[in-house]
Structures are given as structure tokens and as C-alpha cells.
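Have a look at the structure below before the remarks.
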Amino acid sequence: MRTLSSSLLAAQKSSSGIPYVKVEASNKIAGVVRLDWTRLYTGTEPDYFHAVTMAGDGSLIRARITPPSDSRKLYRQRVANPDPTSDFSNWSYTSQYNAAAVACAALGAEVSIFWINGVSREIYRIKSVDNGATWDTPELIDYSPTTAINSIAAAYKTNGDLAIFFADQATLYVKKLVSGVWQTKAAWDKTTDDLSGVACIYDGDWDLLVTGKDSAGNFMLWSLVYGDGVDIPAGNWSALKAIATAPSDGKFEYQRVYLAKPDAFRCFFVEKFTGTDAYQRPFWSHAVPGTKFIDNLWREPVPFNLSAEYGLALANSGDYCWLSRPDGVWRAKHTTQTLDLTGDVLSLIEDLVTDEGELTVELRNDNKQYASPGAGSLAILDIGCQLELSPGYRTSAGNESSPGPAFFLDAYEHTSAGGKASFFLYALDAWDLVKTWRARHQFRWNKDSNDMTVKQALEFVLARAGLKLEVKSQSSDITSLYPDFTIHPGNRGVDIIQRLLDFVPDVLFTEGNKGYLVNPQSADSSVYSYGSAHAIFEGKYRKGSWALNRAQVTGRDPVTGDPIVADSFDWGQINMLYDRLVTLEDRNLDTLAKVQARGVSDLRQAGMESVSSHIRIPVNCGQQLYDVIDITDSRTGLSAEKKRVLGLTMVYDTRHGRYEQRLLLGAP
1 MRTLSSSLLA
11 AQKSSSGIPY
21 VKVEASNKIA
31 GVVRLDWTRL
41 YTGTEPDYFH
51 AVTMAGDGSL
61 IRARITPPSD
71 SRKLYRQRVA
81 NPDPTSDFSN
91 WSYTSQYNAA
101 AVACAALGAE
111 VSIFWINGVS
121 REIYRIKSVD
131 NGATWDTPEL
141 IDYSPTTAIN
151 SIAAAYKTNG
161 DLAIFFADQA
171 TLYVKKLVSG
181 VWQTKAAWDK
191 TTDDLSGVAC
201 IYDGDWDLLV
211 TGKDSAGNFM
221 LWSLVYGDGV
231 DIPAGNWSAL
241 KAIATAPSDG
251 KFEYQRVYLA
261 KPDAFRCFFV
271 EKFTGTDAYQ
281 RPFWSHAVPG
291 TKFIDNLWRE
301 PVPFNLSAEY
311 GLALANSGDY
321 CWLSRPDGVW
331 RAKHTTQTLD
341 LTGDVLSLIE
351 DLVTDEGELT
361 VELRNDNKQY
371 ASPGAGSLAI
381 LDIGCQLELS
391 PGYRTSAGNE
401 SSPGPAFFLD
411 AYEHTSAGGK
421 ASFFLYALDA
431 WDLVKTWRAR
441 HQFRWNKDSN
451 DMTVKQALEF
461 VLARAGLKLE
471 VKSQSSDITS
481 LYPDFTIHPG
491 NRGVDIIQRL
501 LDFVPDVLFT
511 EGNKGYLVNP
521 QSADSSVYSY
531 GSAHAIFEGK
541 YRKGSWALNR
551 AQVTGRDPVT
561 GDPIVADSFD
571 WGQINMLYDR
581 LVTLEDRNLD
591 TLAKVQARGV
601 SDLRQAGMES
611 VSSHIRIPVN
621 CGQQLYDVID
631 ITDSRTGLSA
641 EKKRVLGLTM
651 VYDTRHGRYE
661 QRLLLGAP
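Residue 335 in my numbering sits at position 335 of the sequence shown, with consecutive numbering throughout.
This is the structure in C-alpha cells:
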């Protein structure tokens, strides 16, 4: 149950509570701002290696290399106060040529452009200390081992130190500037095939994205951390973690990656397809809010409507994100924008069960104020926007509500009847994000080593739909079981989640932009009481037979290969109904304890579902699915009887004075 203030608790228990229901629309999907890109510049510059950064005064600093046919000349550009009226076509030639790769970085007024000469192997920097207005002469800082350079990236620390990373064939190198002194370059400790791209930012450690091939020749997009003492010890490398994979014998590969952190970690990279309908298309993604870079929890990459062999460089300053390539500049606002709908709400129905949720909102439209959703002052209110519902009451402290539930607008409808007009919003909860996500790539874990626990696999899959996993309670199995598990292209997110939950006794519900783990136990304490201080309008309490009362589970000894068999029984149910057997075989259950726990879990679920009760009550603003509550109803003889919330329906109707909930209840 969500935490409520004492004044809100008192109001919802009062027999004369006055409803306050807050409804807002925002420009988010799963809690992250949806970037609406506007192209500000379309030029004729040829597409080749390029980079972008933002100086401390907000100037846009761009660099580009011309193709080999034009001697790979290096150009730079500064656009002060960039906006839709700016001229992005004016470039300055640096008098440098044979440049093989380029990177930009900035910290306050200091801006650096790095490049590697593709003939002499020289690594150079030019630096500006006035936001890119003037530049020093080129500084030779090192040599690359070979001329097979495919990418370079750079980022400053907040203290003025910086690091560059460059990919030379199959080796990634780092070279740091510490207290004004360049350090000896160092190679990473990984074994891969050739690399095709690298991007980095500094966020306590050096956070990197890398594209290339693994040692088996499969095409990869990885995340990687070079430590500076926060999540990884200084000077050490984390493991490479896959974000996207493509088999070596397929027709897909990944390259040209860029990274920034305006509000969340965001990236762009190129997916190259060499099949019949060949393309080189930018894709974008972002990390799940509230997670660390090292967690490697990224939303499923989304295609960008452009053909670009060398990708889109990403930067940010102030309220805006910027995209750049030699012949194009785009801009998008990354700040949250909201539209308060509260004053126009006529009615709403929130309907939640354990694996889906819906919200229907009726808004008054007598003045045609909602005639043009998605445009003008209603630009936010469009398909896909986030609707945030906060049930509440008028309290001694004013209007109070409980934020948490969030839905995503799936459809809207204008109605007209009896001289009145309404505007209906139909929205779905985060389960719909999981249900509509389908795997693009194959992932397999724990075949030969312990790669991911069930919990870590759940985190990964939920992240692909944009959700963060939180824990209310959890079993020991979910953090200790490493099942041999494969996700195939085309698998639905909801099916993958269910397969993972089948390994453990835990259950999952969604609220807002998160999935919550619960390990339901019959001994769980009640979090709220109904029937005394909080009234019950109506109650129906039904108890039925169990669908199963005996579970026979077979696992497999990992050493001998012998079966491990265990039965679990509910003798009370068996005595009444004889046995109702379910059999299950899972070779991932490799100890007797795990086999026994699975059987107990199946029986617990059957017991929970055998009770089908509901109560109709004044709205409890903090109630959540899988909460254990207790009921005292003297009319039926119940006294502090524990139940578990398996469904929740809230009705708010201003015209008929209704503000109530119906809770669907099972056994605790």
C-alpha cells in the first residue's frame, strides 16, 4: 500500500469525505520524456564521420570529416545561441586532412576536438577556452597503433580531466588527461573481433557504448564502464554487457554509436541491414529511469525516420537535446510538460487486475475545449501520452492525493448527445507496454555459466518495455536460481515474464512506470483494516475448492542427471475432494529444496485463487494489488479476516455523487 498522510487517511475513513481526483497528461512514455524532434537544417554536406558537443554558453559545436574523395578534410563549426533561425551551413576548414575519426567534448567554456590521422597515426587535439570562438593550434598527444581506426570518443570530468577512447581494430584504448598531463594510453582487457564504434560520457565513471563483433563474429552493441571509483575501481573495466545482438551469419550489424545524458542515458546507433531491402538506419534508446548505467537496463531500441550510414551525434544543453550529422541538425525539448485535466473530469473508471489495467476518463467538452487533441494548447494530449491518476480527498490540509497510478492513452472519443458534449480518454496501464513488446533478438543466459538470476532476467525484460523492477518482497529463489533460459525473436514480453515467474513463487504487478515483485505468504501482515474505521458498503465472501491440491515436481541432478522428484500435498483439500494432481518437470530445479519449493508455490497459488470475494468501499487512495488487508463484517461473522487484493475497480462520477472502490479478494 502506498504511504498516505495522516490527514488523507482520516479523510478517506470519514463518512463525509469530499473527493478530490487529480488527472494530468504528460509528454512521457513510461516516465521518460518523449522527444519530439524538429529538423532545423537540411544541407548538402556529404555524410561521413562527424561529432557534436555543446559549449558552456549554449553554443553548438560541430565537427565533420569529408569523404576520402575529398581527402578526409576536417571542418569545424560554432553556432552561438542555436535556434530555428540559425545558419548551420557555415563551416571552417582546420587545414587538417587524412582524418580517420573525430570526437568533440566540452566542459564549461573549454571545448576540445580530437581526431586521428589515418596515414600518420597521429592523435591530435585542438582546444578552445572561449566556447569555441577561437582555437589553439593542433596539439599532438599520441599515436594509434595502426591506421585501422573506426571510432573515437571523448568526455570531460567535472574537475577538468578528460579521457579519449578509440577503437583500433579489435582493441579499445583509453588515454587520459589528468591535472593537465597526458597519461600513457592503455588497452582494455577484452577479447573481441573488430570494433566499429565507441561513445562515452562521464557520470562518476566513464560510461561507454561500443559496437563491433564478438570473438565468434556476432555483431554486438555493448555497454561498458571504465572505472573511476564509483561503480568500478579506478582504471578497471567492467564486463561487456549486450544491448543488441545479431548472428555472424545474418544480415544485420551495428555501428556508429553516440551517447548523452540530458535527463536519462540516451543513445543513437546505426543498424545496418544488407538483405534485399537494404538500409542503414539510426535507432535510439534510453536507459530505464532510476537505474545505473552499469545495470545495462535499456528500452528496446526504436527506429528513427532517416537513412544515415554514419549515424546521428547527440548532445544537450539547457532544456534541449540536439542531433547532428553533416547535412542536418535536429532539436527536441527534454523537459516534462503537463496538462492538468482535473477541473474537467466528469467521471472515470479505473479497473486493475493482476495482469492488466484500464482507465476511462470522461471530460466535459461543452466549450469545445478538447476539439483538437494533439494540437496547440492540447499538444501533449495525444495518443501515447502518459495519464497520471492521483485519487484523493479534500482534507484538513487542503486537497491531497496519492500519486502512483499511470496509464498510456490508447484512444480518445468525442461524443455528443442531449445538447451536451464529452471527450473520453481510454488508457492502458504498463502491462500493455509488456504485452506489446516483442523480442527483436535472441538472448540466452546460463547455458554454460551463471549469467543472470531469474530476478535479473525479469529486470532485463521489463526494461525492454521501459519499466523498472522494484521489490516489495521477494523469495530466495528469485535471486539464487540461474535457469538455462532463451528468448527467441518474436517472443511476447508477457509470455517471457510468465515463463520466468514459473520458476519462482513470486508474483508481479505494475503501477506507474514500474513492475513490483511480491512473494505472497499466508503469514503476511495486514496493511489496512476495513469494516470498523473504514466502512464497507457491501461484501460478498466466497470460498471454493482448490483447482489442484497435489503437486508432483521433477527436477534434475546437474552432476548425475538423475531425476529429483518431490510431492507437495494439501491434506485438508485431499480429504474433502481426493487428489487433484498437477505434474511439472523442470531441469533447472537442481536441488531437492528447489523442487519442493516449486510444489509449495503451486499449491499456494491454488489456495489464493480458491477464495473469490469482493467488498465495495469508500476509496482507499493508497490501495495496491497483492496487499493483504483484514475485514471485520459483523453481519457475516468475519472478524479481522485476512484477504489479499487481486483486483481493484475505482469509480468516480461527479453527476451521481459516486466515489467508491470494489476490491476483488483472494486468500492471503
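All residues carry an ideal CB built from backbone N, CA and C; glycine is no exception.
Are there 16 or more other CB atoms within 10 angstroms of the CB of MET54, so buried, or fewer, so exposed?
The sequence position of residue 54 within the sequence shown is 54, counting from 1. Buried, by the Cβ-count rule.
Report back the beta-carbon spacing between ILE164 and ILE149 to the nearest angstrom; my notes put them in contact at under 8 Å.
Counted from its first residue, the sequence shown places residue 164 at position 164. Counted from its first residue, the sequence shown places residue 149 at position 149. Actually they are not in contact, since the Cβ atoms of ILE164 and ILE149 sit about 12 Å apart, beyond 8 Å.
Can the beta-carbon of THR395 be found less than 9 Å from the beta-carbon of SER7?
Position 395 of the sequence shown, counting from 1, holds the residue named residue 395. Position 7 of the sequence shown, counting from 1, holds the residue named residue 7. Contact: yes.
From GLU110, GLU356, ARG78 and VAL174, pick the residue whose C-alpha is nearest to that of ILE123; which is it?
What you label residue 123 is simply residue 123 of the sequence shown in a count that begins at 1. Residue VAL174 is the option with its Cα nearest to ILE123.
Looking only at its chain, what residues have a beta carbon closer than 6 Å to the beta carbon of SER324, apart from the 5 residues adjacent to it on each side?
In the sequence shown, counting from the first residue as 1, residue 324 sits at position 324. Answer for SER324: VAL52, ARG62 and ALA313, listed in chain order.
Would you list the one or two residues that DSSP bridges to ASP344?
Start at 1 with the first residue of the sequence shown, and residue 344 comes out as number 344. None; ASP344 has no bridge partner.
I'd like the span of the beta strand (DSSP E) that includes ASP633, first residue to last.
Residue mapping note: residue 633 aligns to position 633 of the sequence shown, counting from 1. It spans 628 to 633 - the beta strand (DSSP E) in which ASP633 sits, taken as one unbroken run.
For LEU646, which option in VAL507, ASN159, GLY561 and THR335 has the closest C-alpha, if you only look at C-alpha atoms?
To locate residue 646, count along the sequence shown from 1; it is residue 646. Taking only the C-alpha atoms, the option nearest LEU646 is VAL507.
Tell me whether ALA606 counts as near the ligand ZN, meaning its Cβ is closer than 8 Å to at least one heavy atom of that ligand.
Ligands in the displayed structure: none, and consequently the ligand ZN is not present.
Give me the residue from GLY31, GLY657 and VAL628 with the minimum Cα distance to PRO668.
As a first step, residue 668 is located in the sequence shown; it is residue number 668 there, counting from the start. Minimum Cα distance to PRO668 is reached at VAL628.
For the beta strand (DSSP E) that MET650 lies in, which residues bound it at each end?
Numbered from 1 along the sequence shown, position 650 holds the residue referred to as residue 650. Unbroken beta strand (DSSP E) run through MET650: 638 to 653.
Run the CB neighbour count on ASN117, radius 10 Å, all protein chains shown included, and call it buried at 16 or more, exposed below.
As a first step, residue 117 is located in the sequence shown; it is residue number 117 there, counting from the start. Buried, since its Cβ has 16 or more Cβ neighbours within 10 Å.
The beta strand (DSSP E) with PHE460 in it runs from where to where?
Working through the sequence shown from its first residue, we reach residue 460 at position 460. Note, PHE460: premise wrong, no beta strand (DSSP E); alpha helix (DSSP H) at 454 to 464.
Using a threshold of 9 Å, state whether the C-beta atoms of GLY404 and GLU470 are closer than that.
Taking the first residue of the sequence shown as 1, we reach residue 404 at position 404. Taking the first residue of the sequence shown as 1, we reach residue 470 at position 470. The answer is no: Cβ separation not under 9 Å.
Anyone know if the C-beta pair for LEU35 and LYS333 falls short of 9 Å?
Position 35 of the sequence shown, counting from 1, holds the residue named residue 35. Position 333 of the sequence shown, counting from 1, holds the residue named residue 333. Going by C-beta atoms, LEU35 is nearer than 9 Å to LYS333.
If you draw a straight line from the C-alpha of ASP562 to the C-alpha of ASN549, how long is it?
Position 562 of the sequence shown holds residue 562. Position 549 of the sequence shown holds residue 549. Distance between the alpha carbons of ASP562 and ASN549 is about 26 Å.
Give the secondary structure of TRP671 by DSSP, where H, G and I count as helix, E and B as strand, and everything else as coil.
Beyond the ends of the chain as shown, which are 1 and 668, falls residue 671; an answer cannot be given.
Quick check on the DSSP output: the alpha helix (DSSP H) that includes VAL695 runs from which residue to which?
The chain is shown from 1 up to 668; residue 695 falls before or after that span and cannot be answered.
Should GLN521 be labelled buried (16 or more other beta-carbon atoms within 10 Å of its own) or exposed?
By 1-based counting over the sequence shown, the position of residue 521 is 521. GLN521 comes out exposed.
Quick check: what's the CA-CA separation for THR611 versus THR158?
Indexing the sequence shown from 1 puts residue 611 at position 611. Indexing the sequence shown from 1 puts residue 158 at position 158. Inspection of the sequence shows that residue 611 is occupied by Val rather than by Thr. Approximately 58 Å between the Cα atoms of the pair.
Considering just the uninterrupted stretch of the alpha helix (DSSP H) at ALA154, what are its terminal residues?
Numbered from its first residue, the sequence shown carries residue 154 at position 154. Premise fails: ALA154 lies in the beta strand (DSSP E), 149 to 156, not in any alpha helix (DSSP H).
What are the boundary residues of the alpha helix (DSSP H) that VAL494 is part of?
Reading the sequence shown from its first residue, position 494 is the one you call residue 494. Segment 493 to 501, the alpha helix (DSSP H) holding VAL494.
Does the structure place the stretch 13 to 33 close enough to the stretch 42 to 49 that three or more beta carbon pairs sit under 8 Å?
Output reads no: the stretch 13 to 33 does not touch the stretch 42 to 49.
Under the three-state reduction of DSSP, which class applies to GLY222: helix, strand or coil?
Looking up residue 222 in the sequence shown gives position 222. Reading the sequence as shown, one finds Trp at residue 222 and not Gly. Here TRP222 sits in strand by DSSP.
So the candidates are ALA264, GLN96, CYS267 and LEU425; which of them puts its Cα closest to the Cα of ASP382?
The sequence position of residue 382 within the sequence shown is 382, counting from 1. Among ALA264, GLN96, CYS267 and LEU425, the Cα nearest to that of ASP382 is on LEU425.
What is the DSSP secondary structure of LYS213, counted as helix, strand or coil?
Translated into the one-based positions of the sequence shown, residue 213 becomes position 213. If DSSP states are grouped into helix, strand and coil, LYS213 belongs with the strands.
Give every residue of the same chain whose Cβ lies closer than 6 Å to the Cβ of ALA186, excluding the five residues on either side of it in the sequence, and list them in chain order.
Translated into the one-based positions of the sequence shown, residue 186 becomes position 186. Here the set comprises VAL174.
Can you look up ASP477 in the DSSP assignment and give me helix, strand or coil?
Stepping through the sequence shown from its first residue, residue 477 is reached at position 477. Note: ASP477 maps to helix in three-state DSSP.
Just how far apart, CA to CA, sit TYR226 and LYS292?
To locate residue 226, count along the sequence shown from 1; it is residue 226. To locate residue 292, count along the sequence shown from 1; it is residue 292. Their Cα atoms are separated by approximately 14 Å.
State whether the stretch 426 to 445 contacts the stretch 581 to 594, with contact taken as three or more CB pairs (one from each stretch) at a distance under 8 Å.
Segments in contact, no.
Since TRP115 contacts LYS127 with CB under 8 Å, what's their CB separation in whole angstroms?
On the sequence shown, position 115 is the one that residue 115 refers to. On the sequence shown, position 127 is the one that residue 127 refers to. Not quite, the Cβ-Cβ distance comes to about 13 Å (not below 8 Å), so this is no contact.
Please name the residue, chosen from ASP193, THR479, VAL651 and ILE497, that lies closest to ARG438 on a Cα-to-Cα basis.
Position 438 of the sequence shown, counted from the first residue, corresponds to residue 438. When only C-alpha atoms are compared, the closest one is ILE497.
With 16 other CB atoms within 10 Å as the buried threshold, where does ASN236 fall?
As a working mapping, residue 236 is identified with position 236 in the sequence shown. Exposed, by the Cβ-count rule.
At 4 residues or longer, and completely inside the stretch 401 to 447: list those alpha helix (DSSP H) runs for me, N to C.
Counting only runs of 4 or more, we get 430 to 436.
Going by CA-CA distance only, name the one from TYR41, GLY357 and LEU346 that's closest to ASP327.
Your numbering for residue 327 matches position 327 in the sequence shown. When each option's Cα is compared against that of ASP327, the closest is TYR41.
Which same chain residues, not among the five before or five after ASN218, have their C-beta less than 8 Å away from its C-beta?
In the sequence shown, residue 218 corresponds to position 218, counting from 1. So the qualifying residues of the chain are THR245, ALA246, PRO247 and SER248.
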